[in-house]
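The sequence shown begins at 445 in our numbering and counts up by one. Beta carbons: idealized from backbone N, C-alpha and C, even for Gly. Written out below as structure tokens is the structure these notes cover.
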Amino acid sequence: MDEIVTIELFGKTHTFKANAEVTQAKEVADLLVNEVNRIEDQQANQSSNMSKLTILMLAALNIANENLELKRNHSKLLHDVTDRTANLIHTLENGVQ
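See below:
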């Protein structure tokens, strides 16, 4: 079921339908809003004047980069666990014989 989620970005309210569970959709929206706010705060201390679109793109790229890093770390962890499990099974099988 589609859920309605409302977020505020750049002083404007945006409402959209989310296919995901409303709690998860709000968490995702909050993640974007927080990243946009972080970038805006960071830019307030600098002389450059970024457009709203640039800020949104940078926020999306930062979130995507974090997601990619998490996927890589997860993949590495799975690989390490698989290797250790295989070694443990091998050790146990040799010890039983």
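Pairwise C-alpha distance: Ile448 and Lys520: 37 Å
7 Å Cβ cutoff met for Ile483 and Ala503: yes
Rounded C-alpha distance that separates Glu510 from Glu452: 23 Å
With DSSP collapsed to three states, give me the class of Glu465. coil
Rounded to the nearest angstrom, what separates Leu522 and His534 at their Cα positions? Roughly 18 Å separates the two Cα atoms.
In whole angstroms, what is the alpha-carbon distance linking Lys496 and Ala473? 16 Å
How long is the line joining the alpha carbons of Phe413 and Asn517, rounded to whole angstroms? The displayed coordinates of the chain run from 445 to 541. Any statement about residue 413 would go beyond what the structure contains.
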